[in-house]
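Heads up: the sequence shown begins at 18 in the numbering used here, then just goes up one per residue.
We treat Cβ as the ideally placed atom computed from N, Cα and C, and that holds for glycine.
Note that the structure is predicted; figures quoted are calculated from it, not measured.
Working notes for the structure below.
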Amino acid sequence: MTSPAVLADGLVKSYGQVRALAGVDLEVAEGTLVGVLGPNGAGKTTAVRILATLLRPDSGTAQVAGHDVMREPDAVRASIGLTGQYAAVDENLTGRENLELVGRLLHIGRHEARARADELLAAFDLSDAGGRPARTYSGGMRRRLDLAASLVGRPAVLFLDEPTTGLDPASRIALWEVVAGLRRDGTTILLTTQYLEEADRLSDRIAVIDGGRVIAEGTSTELKDRLGEDVVDLRVTDASRTGEALDLLRDLAATAPRAEDSAGRISLPVHHGAGILAEVVRRIDGAGLELAELSLHRPSLDDVFLTLTGRSAEAAAAAEPTPSRRRFGRRSATPEATA
Ligand SMILES: Nc1ncnc2c1ncn2[C@@H]1O[C@H](COP(=O)(O)OP(=O)(O)OP(=O)(O)O)[C@@H](O)[C@H]1O
Ligand SMILES: [Mg+2]
18 MTSPAVLADG LVKSYGQVRA LAGVDLEVAE GTLVGVLGPN GAGKTTAVRI
68 LATLLRPDSG TAQVAGHDVM REPDAVRASI GLTGQYAAVD ENLTGRENLE
118 LVGRLLHIGR HEARARADEL LAAFDLSDAG GRPARTYSGG MRRRLDLAAS
168 LVGRPAVLFL DEPTTGLDPA SRIALWEVVA GLRRDGTTIL LTTQYLEEAD
218 RLSDRIAVID GGRVIAEGTS TELKDRLGED VVDLRVTDAS RTGEALDLLR
268 DLAATAPRAE DSAGRISLPV HHGAGILAEV VRRIDGAGLE LAELSLHRPS
318 LDDVFLTLTG RSAEAAAAAE PTPSRRRFGR RSATPEATA
């Protein structure tokens, strides 16, 4: 096996009192796409900035494309492309001028820079808009231009920091296709995202990051399997008896069952769900309870996130601790207030 294109080992980084990274290990095999999935404040951008040589870690080491990020930053920079969380295009230049400028900064000749700009404008469906100032572009066009700019130097390794945050669904799907195409063409990609669906769709492997730590890593299927094979969702008509129903069913669960919302929905991760459905019905009936809903589904990445962190991805994002709260060490596994 060749050595991984990206290898981070024990990265720690604090900003004053805020511990942004608390020992992050990451590995991206050559030619694969790893999704780093985590809520606001998890440490995604900090990790990407360290790997892209823009920030020094307090401790830990990292290699990108075979070069140490601290000892050989120039060699790392020559091998990577970076699309930041906020588009870095020059608003007053046209799309084509933006790309040509990057080419010139990379010291590829004027003629070559021009050709590369045209090629990328075409690839990103920006040929028609290429002569217009970037300030006239929509959000989706800006992201595509930004991504195109990071590809001018034909990087072997690409870092995409939340490439679709803030895009409408159609632009998001268009960008997914572009990213999937780059991955098919052999580019190694590390992509950060807050979207479970995005990580699920694009990634060969997923690292779930929370509170500056990787809390789970694997293929999407492996992560889903950690929950048990299936999830039985149910609700009893009398919501006030949800706790009673939960107690009746607890021993059927592969991992801790959850009562999710005020409506009294219960989620039960189970092995061999089909066989268990009949038993669920028997027990609920036997206790004189009535089922309002009963269904069986494969766990989603959202279920995985909830199990790993005790919070939904959305609640976690909403509950990003302020620096003063974060000072008190590890976050608890109980749901945080989202108000
Ligand atoms: N320059 C800074 N000064 C102080 N604190 C910072 C700085 N940059 C980041 N932080 C803090 O470090 C933690 C990790 O931030 P980071 O930007 O890496 O998270 P993220 O996962 O990229 O979040 P988001 O999804 O919101 O972009 C957060 O608590 C954040 O408030
Ligand atoms: Mg970020």
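If you reduce the DSSP assignment to three classes, tell me which class residue i lands in.
i: threonine 181; result: coil
i: proline 150; result: strand
i: valine 297; result: helix
i: serine 284; result: strand
i: alanine 22; result: coil
i: threonine 111; result: strand
i: isoleucine 232; result: strand
i: glycine 292; result: helix
i: serine 10; result: For residue 10 there is no data in the structure shown, the boundaries of the chain being 18 and 356.
i: aspartate 142; result: coil
i: alanine 130; result: helix
i: valine 195; result: helix
i: threonine 205; result: strand
i: threonine 210; result: strand
Count the other CB atoms within 10 Å of the CB of residue i; is the residue buried (16 or more) or exposed (fewer)?
i: glutamine 211; result: buried
i: valine 53; result: buried
i: glycine 229; result: buried
i: glutamine 34; result: exposed
i: threonine 324; result: buried
i: proline 186; result: exposed
i: serine 155; result: exposed
i: aspartate 91; result: exposed
i: histidine 17; result: This structure leaves residue 17 out entirely; the chain is present only between 18 and 356.
i: alanine 292; result: This sequence places glycine at residue 292; alanine is not what is there. So glycine 292 ends up on the exposed side.
i: threonine 236; result: exposed
i: serine 167; result: buried
i: glycine 305; result: exposed
i: glutamate 215; result: buried
i: threonine 339; result: Any reading at threonine 339 is ruled out, since the residue's pLDDT is 38, under 50, leaving its predicted position unreliable.
Would residue i and residue j be called neighbours here (beta carbons separated by less than 8 Å)?
i: glycine 77; j: aspartate 26; result: yes
i: threonine 63; j: arginine 94; result: no
i: isoleucine 226; j: glycine 101; result: no
i: alanine 276; j: threonine 259; result: yes
i: valine 297; j: alanine 271; result: no
i: proline 172; j: glycine 126; result: no
i: glutamate 44; j: threonine 19; result: no
i: leucine 162; j: valine 196; result: no
i: proline 316; j: leucine 244; result: yes
i: isoleucine 232; j: threonine 326; result: yes
i: aspartate 75; j: serine 144; result: no
Would you check whether ligand 3 has a heavy atom nearer than 7 Å to the C-beta of residue i?
i: aspartate 227; result: This structure lacks ligand 3; the ligands present are ligand 1 and ligand 2.
Exercise for the section: Could you tell me whether the region 282-299 touches the region 241-259, using the rule of 3 or more Cβ pairs below 8 Å? Expected result: yes
Handout entry: Completely contained beta strand (DSSP E) runs for the region 238-266, where each covers 3 or more residues
Key = Taken in chain order, the whole beta strand (DSSP E) runs of length 3 or more contained in the region 238-266 are 247-253.
Practice task
Could you pull out every unbroken beta strand (DSSP E) segment of at least 3 residues lying fully inside the region 28-80, listed in chain order?
Solution key: 35-45 and 50-54
Practice task
Indicate whether the contact test is met: 3 or more Cβ pairs, each with one atom in the region 215-223 and one in the region 109-120, closer than 8 Å.
Solution key: no
Exercise for the section: Assess, as a yes-or-no matter, whether the region 189-204 is touched by the region 146-153 under the definition of 3 or more beta carbon pairs within less than 8 Å. Expected result: no
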